[in-house]
Amino acid sequence: TQLLEQSPQFLSIQEGENLTVYCNSSSVFSSLQWYRQEPGEGPVLLVTVVTGGEVKKLKRLTFQFGDARKDSSLHITAAQPGDTGLYLCAGSGNTPLVFGKGTRLSVIA
Amino acid sequence: GAVVSQHPSRVICKSGTSVKIECRSLDFQATTMFWYRQFPKKSLMLMATSNEGSKATYEQGVEKDKFLINHASLTLSTLTVTSAHPEDSSFYICSARDYRKREGRNEQFFGPGTRLTVL
Numbered sequence: 001t002q003l004l005e006q007s008p009q010f011l012s013i014q015e016g017e018n019l020t021v022y023c024n025s026s027s028v029f030s031s032l033q034w035y036r037q038e039p040g041e042g043p044v045l046l047v048t049v050v051t052g053g054e055v056k057k058l059k060r061l062t063f064q065f066g067d068a069r070k071d072s073s074l075h076i077t078a079a080q081p082g083d084t085g086l087y088l089c090a091g092s093g094n095t096p097l098v099f100g101k102g103t104r105l106s107v108i109a
Numbered sequence: 110g111a112v113v114s115q116h117p118s119r120v121i122c123k124s125g126t127s128v129k130i131e132c133r134s135l136d137f138q139a140t141t142m143f144w145y146r147q148f149p150k151k152s153l154m155l156m157a158t159s160n161e162g163s164k165a166t167y168e169q170g171v172e173k174d175k176f177l178i179n180h181a182s183l184t185l186s187t188l189t190v191t192s193a194h195p196e197d198s199s200f201y202i203c204s205a206r207d208y209r210k211r212e213g214r215n216e217q218f219f220g221p222g223t224r225l226t227v228l
């Protein structure tokens, strides 16, 4: 069974601070997705990483896929209240996606 | 990105009634759709994989007679919660896989979810 460990589970920070969310597994994934979910809504796809070592940037968000394609990180620079939400990583190796437990981020103004 | 719609967004029903939730891929064809359940402040729990033209594959512990899934076309899957009880109250989310995307990405796009409340 493929598992994704996501940490931290909860994070409360002040506006302007930086943070990193980690997603780790002992399994290799062919690709990994990061989603953000706001209360009462479905998850929205932020990025997909496919190649080991790949780094993708989405404005203040930086996503990295580990060289061995077993782990990934999400770094947010200068967090803003609008970044508040549940961040989910999901790995693709077999059907369907394997989800981490999520990181609930709260950015306080 | 690909768009997935879900209807209704909210439903309140009496115990013992059945509720049908629709999931549609609006701008792409989805041979595979997924149904998830989400409890408050928790991650998504996969209930079943819906395959167009064939029977759904249910995850362990999910009653297939309780949660009926039909994937009659390449753009529509339905989840029917039969004889609903208060413990079935939850947030149900569907997703669809877009195979048009570049190979290896295996991206799933999610609907906005349906909040079911059983009285």
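As they're listed, the protein sequences go chains A and B. Heads up, the first sequence is in the numbering used here, so the first residue is 1 and it goes up one at a time. Heads up, the second sequence is in the numbering used here, so the first residue is 110 and it goes up one at a time. For every residue, glycine included, the Cβ atom is placed at its ideal position computed from N, Cα and C. All values reported here derive from a predicted model rather than from experimental measurement.
| Check | Outcome |
| --- | --- |
| Residues of its chain near N215 (chain B), where Cβ-Cβ distance is below 8 Å and the 5 sequence neighbours each way are ignored | R206 |
| CB of T226 (chain B) within 9 Å of CB of R119 (chain B), strictly | yes |
| Run of the beta strand (DSSP E) containing K56 (chain A), from where it starts to where it stops | 55-58 |
| Beta-carbon contacts of D69 (chain A) that lie in its chain and below 7 Å, excluding the five residues immediately before and after | It is worth fixing the name first, because residue 69 (chain A) is Arg in this sequence and not Asp. Same-chain partners within the cutoff: V28, F29, G52. |
| Helix, strand or coil at D197 (chain B) [DSSP, three-state] | helix |
| Whole-angstrom distance between C23 (chain A) and R36 (chain A), CA atom to CA atom | 14 Å |
| Simplified DSSP assignment, three categories, for G82 (chain A) | helix |
| Straight-line Cα distance separating V112 (chain B) from Y87 (chain A) | 20 Å |
| Proximity test, Cβ basis, 9 Å: E41 (chain A) and chain B | yes |
| Contacts that P117 (chain B) makes with chain A (C-beta to C-beta distance below 8 Å) | Simply none; closest approach about 13 Å. |
| Cβ contact (3+ pairs, closer than 8 Å) linking the stretch 197-205 of chain B and the stretch 124-132 of chain B | yes |
| Segment contact, 8 Å Cβ cut-off, at least three pairs: the stretch 75-86 of chain A with the stretch 3-18 of chain A | yes |
| CB contact flag (L155 (chain B), P96 (chain A), <9 Å) | yes |
| For A157 (chain B), the first and last residue of its enclosing beta strand (DSSP E) | 153-160 |
| L32 (chain A) (DSSP reduced to helix, strand or coil) | strand |
| Neighbouring residues, chain B, relative to Q33 (chain A) (Cβ below 7 Å) | E216 |
| Own chain partners of A90 (chain A) with C-beta closer than 6 Å, once the 5 adjacent residues on each side are dropped | Q33, L97, F99 |
| Secondary structure of D71 (chain A), DSSP reduced to three states | strand |
| The ligand ADP heavy atom lying under 8 Å from the CB of K164 (chain B) | Within the structure as shown, the ligand ADP is missing, as the structure has no ligands at all. |
| Cβ-based neighbour list, L153 (chain B), same chain, cut-off 6 Å, excluding 5 preceding and 5 following | Y145, Q147 |
| Short CB-CB distance (under 9 Å) between R133 (chain B) and chain A | no |
| Near-chain A residues of the stretch 127-159 of chain B (beta-carbon distance less than 9 Å), N- to C-terminal order | T141, F143, Y145, Q147, K150, K151, S152, L153, M154, L155, T158 |
| L88 (chain A), DSSP secondary structure in three states | strand |
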